[in-house]
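Residue numbers (numbering that gives the first Met the number 0): 0 to 168.
All residues carry an ideal CB built from backbone N, CA and C; glycine is no exception.
This one's a predicted model, so the numbers in the text were calculated from it and none came from an experiment.
Everything on this sheet refers to the single structure shown next.
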Amino acid sequence: MATKPRDSLTYSEPIATGEVTIGAGPEQVYRLVSDPVAMSECTEELRKARWIRGATEARVGNWFAGSNRNGLRRWVTHAEIVEAEPGRRFAYRVRTPFFVPISRWEYDIVPEGDGSRLTVTNWLRVPPWFVPLAILITGEPDRAGTNQANIATTLQRVKARLEGREWHR
């Protein structure tokens, strides 16, 4: 699904989602997904993260910065944690450093057998006027398709890492 034209964007539906069953308990899964510094090792576009504004952990209201990359293109985002329920749910909203909203990411964790099921959901929050600029900055005209593919890759890396298997970016 390609990013919709500016005049037809809707924000009520996620643009990308994915899930995986992991042989690790919900608390262990939460520890990884709620740590943006560690998660940046598992993701495609987010290449590095750091806590900002005095934050050192995942708590509602805390912020982190992300250094992102797509090929030769580089950009920075800031994210505010909006939900942090250990072992259950982690969510944050992303914006540009100059306050333009970008997206919302949610990680839901439920116990499943001896492990957990992790579901990642992503919503686009870019204002219509910013879509052409976002495409220029990221080099990605199909944000929905890219995020769908990136979620699938990230989930497999998270699974491998938590299950103690080798994996590479």
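Can you give me the Cβ contacts of Glu43 inside the same chain, cut-off strictly under 6 Å, excluding the 5 residues immediately before and after it? Here residue 43 corresponds to residue number 44 of the sequence shown, with the count starting at 1. Cβ within range, chain order: Asn149 and Thr152.
Go ahead and label Thr55 buried or exposed: buried means 16 or more other beta carbons lie within 10 angstroms of its beta carbon, across all protein chains shown. For this step, residue 55 is matched to residue 56 along the sequence shown. The residue in question, Thr55, is exposed, as its Cβ has fewer than 16 Cβ neighbours within 10 Å.
Going by other Cβ atoms of all chains shown within 10 Å of its Cβ, with 16 needed for buried, is Val125 buried or exposed? Numbered from its first residue, the sequence shown carries residue 125 at position 126. Label assigned to Val125: buried.
Proximity to Val109 [Cα-Cα], best of Glu162, Pro85, Arg73 and Asn61: Within the sequence shown, residue 109 is the residue found at index 110, counting from 1. Out of Glu162, Pro85, Arg73 and Asn61, Pro85 has the C-alpha closest to the C-alpha of Val109.
Quick one: what does DSSP say Arg103 is sitting in, helix, strand or coil? The residue labelled residue 103 in the question sits at position 104 within the sequence shown. Note: Arg103 maps to strand in three-state DSSP.
Three-state class that DSSP yields for Asn149 in the structure shown: Within the sequence shown, residue 149 is the residue found at index 150, counting from 1. Asn149: helix per DSSP, three-state reduction.
Can Ala57 and Ile80 be called in contact, C-beta distance under 8 Å? Here the question's residue 57 lines up with position 58 in the sequence shown. Here the question's residue 80 lines up with position 81 in the sequence shown. Their beta carbons are under 8 Å apart, which means Ala57 touches Ile80 by this criterion.
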